[in-house]
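Protein chains in written order, with our numbering: chain A, 1 to 290; chain B, 1 to 290; chain C, 1 to 290; chain D, 1 to 290.
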């Protein structure tokens with residue numbers, strides 16, 4: 001971890017050495033940003049680097065795009081992944097695809113490469129597998145110029161995450177999202193404590209259970225259900241095991257409500273999603289709160 | 001189908017012949033009810049028959065209980081099912097059990113028989129398979145006297161359904177339940193028309209999709225989702241495909257809400273369950289309504 | 001009350017005599033509609049009459065507008081009101097204005113007359129006093145041609161109500177609105193019976209309490225709170241006296257909720273407003289339902 | 001303001017001098033607490049003082065009760081109010097009663113004095129005038145022994161507030177309540193900013209508008225609506241001026257919802273009342289939140 005202060009004052013070689021890997025195989029981006037020192041914050045440093053990419057000759061941009069590994073494909077798993085890329089893709093399990101998923105990725109990689117002559121680039125850490133596949137198919141159908149810009153934008157998102165991990169200092173761009181919840185017993189006008197929660201990623205290629213918690217005395221969880229990273233674009237189901245909370249009452253048998261599923265999608269990886277439940281034995285409400 | 005008027009005035013032989021099969025292999029029940037004619041309604045006729053059972057000697061009651069077929073077991077499938085019993089059990093697919101389910105039923109049948117010396121009797125048409133299994137296990141643990149009364153009560157429920165199917169006339173007991181819904185777009189203050197709905201029975205032994213419909217201009221379905229029979233005690237999930245309804249708006253991608261699942265249990269087979277959805281693109285409420 | 005069948009077949013003189021007063025002091029409207037007999041329904045008859053007005057020479061239209069009495073003003077109270085006009089205005093209490101209200105109406109009448117050379121015409125039965133004053137001020141500021149059309153439209157609304165009251169037959173236009181409610185105890189999953197309701201018209205010139213009722217076993221009122229007439233455009237407050245319903249519980253003292261006011265406005269006199277309350281001791285929801 | 005540390009170590013005279021006025025005209029209470037030094041916190045100090053009262057001879061207790069001024073009555077206004085009492089009662093306007101209210105207080109004071117031979121004592125700062133009158137009437141009907149204990153309890157509440165104001169240190173008892181709100185636009189899934197709020201105390205003797213605010217970007221108010229003091233037991237109406245928030249939409253005219261009143265009662269002066277509004281143009285929910 002480098003300090004922004006240090007990067008603002010160190011020699012050119014040290015600067016390029018520190019930031020040369022942020023843009024994969026393209027230390028010229030760090031070099032192009034160097035003259036704009038000092039940077040008021042980490043976000044300003046990243047802006048300078050992406051601005052350098054935007055102003056670079058097309059063939060440099062092309063090389064940058066080509067320097068990124070193929071997503072989840074055989075090539076990607078066999079060769080050429082930098083450590084950073086390997087870690088980023090591993091978090092989503094792209095290195096543990098089923099045969100069928102691997103076949104689908106391979107087919108999409110081939111179609112994309114044939115159409116654009118490029119690898120498909122996406123900021124994996126902002127997506128679920130479902131969302132990657134959906135974007136993969138959608139982007140394979142767009143026109144080459146627009147798609148090239150989209151690829152550069154995704155490199156911007158990838159490098160922003162890398163920069164935030166590599167450089168400490170003021171003015172960090174917001175890269176983390178947050179998913180929280182709150183259970184209110186509106187029959188008693190009190191938080192519902194001790195309610196078990198399970199969060200599932202759902203969809204064809206979903207990872208299943210990704211978080212669980214129990215509500216505390218304030219009806220909240222001690223930690224957000226998800227935080228400290230971008231939220232992955234995709235569809236989720238949050239299960240509230242509300243049955244035991246009302247078991248003290250003489251309820252219907254079986255009780256009308258037991259496990260309450262709330263199914264929702266996340267579209268903003270850097271957003272705050274608050275998904276509360278207001279519940280009685282016979283009714284509930286939920287909404288995107290704040 | 002017999003008319004109650006006819007049964008109130010016909011000769012004894014015709015009366016017993018008409019009603020002798022209502023209580024399985026026990027035409028003496030019809031004979032015992034005969035002297036209490038005329039009956040003001042179908043429910044009164046049924047009451048007279050169950051009263052006759054309650055006042056009968058214990059060994060007659062015992063024979064009545066023993067006359068009922070074994071539930072879903074090998075014996076039940078091979079021998080002794082009256083047509084009525086076969087149809088009633090068939091509706092739930094008890095004659096198409098998986099090997100595992102068959103093994104479980106067989107095991108429970110054996111345990112129950114060993115404990116009580118009887119077949120397990122339950123009014124199948126008021127239950128899902130899950131509910132039958134849950135009751136089977138619970139009742140196997142009760143004491144013999146209480147369980148014998150429960151078996152007679154279940155015979156009362158079974159014969160009530162048979163009587164309602166066999167006799168036409170005033171004063172029918174309520175044996176049908178109803179499940180209905182209503183979708184309101186509370187962003188526009190209007191019913192949500194054209195919303196697809198799917199109703200699933202869920203649980204370990206559930207039958208899957210059991211009803212589907214699309215809301216009409218009033219946000220309701222032209223027919224109740226379930227009606228014309230007892231509701232089966234069990235757990236259900238009603239899916240509201242609300243995504244397309246809000247697709248005219250510039251929504252998040254993917255939209256926050258797309259398929260809204262409402263999971264609930266039915267405990268009263270003869271009840272009315274109204275399960276509405278009040279929905280905006282970012283929130284919803286549901287409750288047991290009326 | 002005339003039958004449409006009769007009006008479709010009677011002699012011209014009888015037709016004009018029956019309908020000559022529908023448009024105030026303008027029997028020529030009935031005469032102009034006569035040749036279009038037979039009318040398939042009451043709405044079709046009214047359409048023919050308003051069409052005749054629209055096609056009439058401007059000075060005939062002008063005379064029609066001038067034939068209407070001044071609203072609530074001294075002149076209106078002293079002279080020239082037909083019985084129909086007197087009754088329509090009386091329902092709202094325009095003949096019992098306070099001195100201040102009378103002064104306001106008189107001032108608005110004068111301003112309107114000076115600007116347009118006409119009396120202000122509005123279908124009083126579709127409005128509260130507040131709404132009339134709001135429209136009066138707004139319309140006094142529009143341009144004369146648009147306002148003349150608005151006056152003719154209002155005459156269309158006035159005469160539609162008169163026609164519906166005067167002619168019986170099929171195809172009646174919808175002129176009645178309806179206000180209904182429903183109280184659901186979502187703590188118990190049941191209708192809340194025995195809840196007292198009071199409906200107030202509110203606003204500077206409001207009439208106060210205009211309806212009251214108590215919910216029945218289904219949580220509804222035996223009759224709609226308002227029906228059988230157009231709803232008056234205006235603002236209302238519906239009070240739900242929910243305190244006693246939850247008094248069986250050990251509640252906070254004083255209870256968190258006692259009288260729940262729901263304040264809403266009606267904008268469609270012929271609409272159906274369903275204003276339900278879903279309530280627990282600590283929460284409630286309301287919405288425009290259907 | 002004294003420091004608890006100082007009181008834990010200062011000479012006896014200084015201790016009694018500092019705390020002698022907490023219990024009105026009864027410095028013996030401070031003297032009786034002195035031997036129990038040191039106190040771990042302010043609450044512990046107060047507990048020691050109230051314990052001293054509870055263990056004191058009845059005639060000392062009686063003198064303590066008699067030392068409190070008459071509430072809002074002529075005597076109270078003319079003589080004997082300590083500065084503390086005057087300020088406490090002034091906050092509620094008990095020194096600015098209307099003639100009618102003064103008459104009612106005078107009558108209740110007389111009835112109470114006749115029945116119990118005492119002044120009515122209540123911790124004014126935890127009540128609205130309505131609540132005081134309600135308690136006055138209720139307590140006048142209880143039996144003398146219970147009422148004497150209630151009077152001592154109220155002195156405990158009064159002195160707890162005085163002690164918290166007079167002594168700084170750790171372990172302060174909770175004496176403040178809080179009323180907060182939150183407005184969520186569930187049509188847009190976002191906080192509703194810029195919504196004007198008005199809080200009224202309502203009831204026969206209510207003080208009217210007591211707070212106003214406008215929601216910030218998070219749909220909350222920068223400061224709680226009420227805080228920094230006990231909440232006064234009583235009934236309130238919180239008005240949400242939601243009309244302008246939805247005015248960008250093509251709404252009904254007048255809009256279905258404009259000012260949304262939420263009427264609720266506070267029963268716990270030291271509690272946190274969170275009263276949110278989830279609102280669309282056609283619906284809203286509110287609940288006691290946390």
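Every residue gets a Cβ at the ideal spot worked out from N, C-alpha and C, and that includes glycine.
| Check | Outcome |
| --- | --- |
| For the beta strand (DSSP E) containing residue 200 of chain D, name the first residue and the last one. | 196-202 |
| Within the 7 Å Cβ cut-off, does residue 174 of chain B reach chain A? | no |
| If you follow the alpha helix (DSSP H) that residue 212 of chain B is part of, which residue opens it and which one closes it? | Careful: residue 212 of chain B lies outside any alpha helix (DSSP H), inside the beta strand (DSSP E) at 208-214. |
| Which residues in chain B have a C-beta closer than 7 Å to the C-beta of residue 256 of chain D? List them in chain order. | 189 |
| Using a Cβ-Cβ distance cut-off of 7 Å, determine whether residue 186 of chain C contacts chain A. | yes |
| Does the stretch 52-63 of chain A come into contact with the stretch 9-29 of chain A, if we say contact requires no fewer than three beta-carbon pairs (one atom in each stretch) closer than 8 Å? | yes |
| How should residue 283 of chain C be labelled, buried or exposed, when 16 other C-beta atoms within 10 angstroms of its C-beta is the threshold for buried? | buried |
| Would residue 161 of chain B and residue 125 of chain B be called neighbours here (beta carbons separated by less than 7 Å)? | yes |
| For the stretch 259-283 of chain A, which residues have a CB atom closer than 8 Å to at least one CB atom of chain C, in sequence order? | 278, 280, 281, 282, 283 |
| What residue does the beta strand (DSSP E) around residue 185 of chain D start on, and which one ends it? | 183-185 |
| Which residues mark the beginning and the end of the beta strand (DSSP E) in which residue 237 of chain A is found? | 234-241 |
| Which residues in the same chain have their Cβ closer than 7 Å to the Cβ of residue 42 of chain A, if we skip the five residues on either side of it in sequence? | 4, 163, 164, 167, 169, 171, 172, 173 |
| Quick check: residue 140 of chain C and residue 112 of chain C, are their CB atoms within less than 7 Å of each other? | yes |
| Taking the alpha-carbon positions, what's the residue 264 of chain B to residue 241 of chain B distance? | 17 Å |
| So, for residue 39 of chain A: in the same chain, excluding its five sequence neighbours on each side, which residues have a beta-carbon less than 7 Å away from its beta-carbon? | 4, 8, 45, 48 |
| Would you identify the three-state DSSP class for residue 170 of chain C, choosing helix, strand or coil? | coil |
| Does residue 3 of chain B come out as helix, strand or coil in the three-state DSSP assignment? | strand |
| Identify whether residue 229 of chain B lies in helix, strand or coil by the three-state DSSP scheme. | strand |
| Enumerate in chain order the residues of its own chain whose CB-to-CB distance from residue 279 of chain B is below 6 Å, with the five nearest sequence positions on each side excluded. | 242 |
| Can you pull the chain C neighbours of residue 218 of chain B, defined as C-beta to C-beta under 9 Å? | 290 |
| Should residue 61 of chain C be labelled buried (16 or more other beta-carbon atoms within 10 Å of its own) or exposed? | buried |
| What are the boundary residues of the alpha helix (DSSP H) that residue 116 of chain B is part of? | 99-116 |
| Along chain C, which residues have their Cβ under 8 Å away from the Cβ of residue 285 of chain B? | 278, 285 |
| Straight-line CA distance for residue 18 of chain B to residue 65 of chain B? | 21 Å |
| Indicate whether at least one CB of chain C lies closer than 7 Å to the CB of residue 43 of chain D. | no |
| Can you give the Cα-Cα distance for residue 183 of chain D and residue 127 of chain A, rounded to whole angstroms? | 31 Å |
| Determine, using beta-carbon pairs with one atom in the stretch 147-161 of chain D and one in the stretch 242-252 of chain B, whether at least three such pairs fall under 8 Å. | no |
| For the stretch 226-254 of chain A, which residues have a beta carbon sitting closer than 7 Å to at least one beta carbon of chain B? | 235, 252, 253, 254 |
| Pick out whichever of C:236, C:269, C:121, C:131 has its Cα sitting closest to the Cα of residue 200 of chain C. | C:236 |
| So, with DSSP's three-state summary, where would you put residue 179 of chain C? | strand |
| Name the two residues that bound the continuous beta strand (DSSP E) containing residue 278 of chain B. | 272-280 |
| Select from A:266, A:239, A:104, A:261 the residue whose C-alpha is nearest the C-alpha of residue 252 of chain B. | A:266 |
| With DSSP collapsed to three states, give me the class of residue 265 of chain C. | strand |
| Keeping to the same chain, check which residues put their C-beta closer than 6 Å to that of residue 50 of chain C; ignore five residues upstream and five downstream. | 156 |
| Helix, strand or coil, according to DSSP, for residue 255 of chain C in the structure here? | coil |
| Can you list, in chain order, the residues of its chain with a C-beta nearer than 6 Å to that of residue 159 of chain B? Leave out the 5 residues immediately preceding and following it. | 22, 23 |
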